[in-house]
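Reviewing the structure listed below.
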Amino acid sequence: MSYTELFNSFDFRGLRLIMRFEGSSQYVATDDLKLAVNAAATLQRPLLIKGEPGTGKTMLAEEVAAALGMPLLQWHIKSTTKAQQGLYEYDAVSRLRDSQLGDERVREIGNYIVKGVLWQAFAAEERTVLLIDEIDKADIEFPNDLLRELDRMEFHVYETREMVRARHRPLVIITSNNEKELPDAFLRRCFFHYIKFPDPATMQSIIDVHFPNIRRELVSAALSTFFEVRDIPGLKKKPSTSELLDWLKLLMAEEIGPEALRSTDNKLAIPPLHGALLKNEQDVHLFERLVFMNRANR
2 MSYTELFNSF
12 DFRGLRLIMR
22 FEGSSQYVAT
32 DDLKLAVNAA
42 ATLQRPLLIK
52 GEPGTGKTML
62 AEEVAAALGM
72 PLLQWHIKST
82 TKAQQGLYEY
92 DAVSRLRDSQ
102 LGDERVREIG
112 NYIVKGVLWQ
122 AFAAEERTVL
132 LIDEIDKADI
142 EFPNDLLREL
152 DRMEFHVYET
162 REMVRARHRP
172 LVIITSNNEK
182 ELPDAFLRRC
192 FFHYIKFPDP
202 ATMQSIIDVH
212 FPNIRRELVS
222 AALSTFFEVR
232 DIPGLKKKPS
242 TSELLDWLKL
252 LMAEEIGPEA
262 LRSTDNKLAI
272 PPLHGALLKN
282 EQDVHLFERL
292 VFMNRANR
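Position 39, counted from 1, in the sequence shown is what my numbering calls 40; the numbers after and before it change by one each time, with no gaps.
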């Protein structure tokens with residue numbers, strides 16, 4: 002057995018690395034990103050992924066799960082989400098109602114325990130990928146409230162006096178749009194990776210995955226326009242990868258060719274269907290004003 006085969010099958014305290022993430026045909030992962038996923042798995046630490054919106058942070062968890070043949074459990078965080086909800090919730094209201102109705106179920110308090118996504122991951126028959134999506138949307142104390150549970154892979158259920166321990170340590174992937182800073186104590190327990198915005202060559206590869214039959218001329222013209230729009234100083238929201246893909250889909254659906262994206266000076270052209278790229282009225286007005294001023298100076 003080679004060293005690589007031995008490493009890939011070695012059991013780290015119950016964590017079996019059956020295979021390493023090498024990307025997939027549906028997701029363009031850089032070498033640094035693939036290395037980050039595998040490093041987090043080896044260290045048995047959560048992988049904290051940051052990057053601009055639309056750079057594929059959430060999709061990464063889906064592709065890692067698919068590539069490694071592991072079930073995916075997802076916890077999408079909102080501003081009102083509490084850490085306790087990821088563990089479990091006790092439905093005291095339903096139990097009180099059932100007791101008033103004489104329901105036999107009230108004798109077993111476990112009937113009123115609603116398991117959260119962390120409990121589901123801990124109790125799973127096989128190792129899972131656990132996505133905690135957009136953790137920065139929650140209260141500032143939210144990450145700290147999960148420190149012990151993610152570190153020790155266990156938690157106590159107060160109502161039933163039981164200790165829930167992970168049967169298999171999940172591969173935890175946490176995403177953040179950097180809306181607020183995360184606590185230092187939480188960061189120390191993560192392996193961090195920032196997904197850089199794709200350069201034109203990487204963006205070309207991403208487009209090839211989603212639109213394998215698209216005209217090369219259209220892609221070239223669209224990429225040129227897209228990066229010129231992103232480079233406009235003062236934009237409140239720069240268009241993302243997902244918005245570029247939406248725009249290309251619309252251009253193909255409307256049979257708009259590359260010539261429509263070009264003019265004597267490409268920087269002066271207002272791209273058709275630019276509402277797919279610019280999602281803020283201030284940005285639209287800024288872009289149109291720059292185009293008008295440049296055309297007036299021709």
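Quick reminder that beta carbons are idealized off the backbone N, C-alpha and C, glycines included.
> In angstroms, rounded to a whole number, what distance separates the CA positions of GLU64 and GLY24?
Replying inline: 8 Å
> Can you find a CB in chain C that lies within less than 8 Å of the CB of ALA42?
Replying inline: The displayed structure is made up of one protein chain only, and chain C is not part of it.
>> With a threshold of 8 Å, are at least 3 pairs of Cβ atoms found where one atom belongs to the stretch 79-89 and the other to the stretch 46-62?
In response: no
>> Given this structure, state the Cα-to-Cα distance separating MET71 from HIS169, to the nearest angstrom.
In response: 12 Å
> In angstroms, rounded to a whole number, what distance separates the CA positions of VAL165 and LEU279?
Replying inline: 47 Å
>> Relative to the C-alpha of LEU251, which candidate in VAL230, ALA223 and PHE228 has its C-alpha closest?
In response: ALA223
> Between VAL173, TRP248, PHE123 and ALA167, which lies nearest to HIS211 when the distance is taken from Cα to Cα?
Replying inline: TRP248
>> What does the Cβ neighbour count give for ASP284, buried or exposed, with the cut at 16 atoms within 10 Å?
In response: buried
>> Please give the ranges of any alpha helix (DSSP H) in the stretch 41-119, keeping only runs that are unbroken, at least 4 residues long and fully inside the region.
In response: 58-69, 84-88 and 93-101
> What is the DSSP secondary structure of VAL285, reduced to helix, strand or coil?
Replying inline: helix
> Which runs of the alpha helix (DSSP H), 4 residues or longer, sit entirely within the stretch 198-228?
Replying inline: 201-211
> Which residues bound the beta strand (DSSP E) around ARG166?
Replying inline: 163-166
> Terminal residues of the continuous beta strand (DSSP E) containing ARG177?
Replying inline: Reading off the sequence shown, one finds Ser at residue 177, where the question assumed Arg. Unbroken beta strand (DSSP E) run through SER177: 172-177.
>> Can you tell me whether HIS194 is buried or exposed? The criterion is at least 16 other CB atoms within 10 Å of its CB, across all chains shown.
In response: buried
>> Looking only at its chain, what residues have a beta carbon closer than 7 Å to the beta carbon of GLU53, apart from the 5 residues adjacent to it on each side?
In response: PHE198 and SER241
> Three or more beta-carbon pairs under 8 Å between the stretch 142-153 and the stretch 26-33, yes or no?
Replying inline: no
>> Which of the three DSSP states is assigned to ASP134 in this structure?
In response: strand
> Taking C-beta to C-beta, are ASP140 and ASN178 nearer than 8 Å?
Replying inline: no
> Alpha carbon to alpha carbon, how far is ARG162 from GLU244?
Replying inline: 49 Å
>> What does the Cβ neighbour count give for HIS77, buried or exposed, with the cut at 16 atoms within 10 Å?
In response: exposed
>> Taking its Cβ as the centre, do 16 or more other Cβ atoms sit within 10 Å of TYR113, making it buried, or is it exposed?
In response: buried
>> Checking 8 Å against the spacing of the C-beta atoms, do ILE175 and LEU48 come in under that value?
In response: yes
>> For the alpha helix (DSSP H) containing GLU155, name the first residue and the last one.
In response: Here GLU155 belongs to no alpha helix (DSSP H); instead the beta strand (DSSP E) covers 155-158.
> First and last residue of the alpha helix (DSSP H) that includes PHE143?
Replying inline: 143-146
> To which residues of the same chain is PHE156 closer than 6 Å at the C-beta, ignoring the five residues directly before and after it?
Replying inline: LEU88, GLU150 and VAL165
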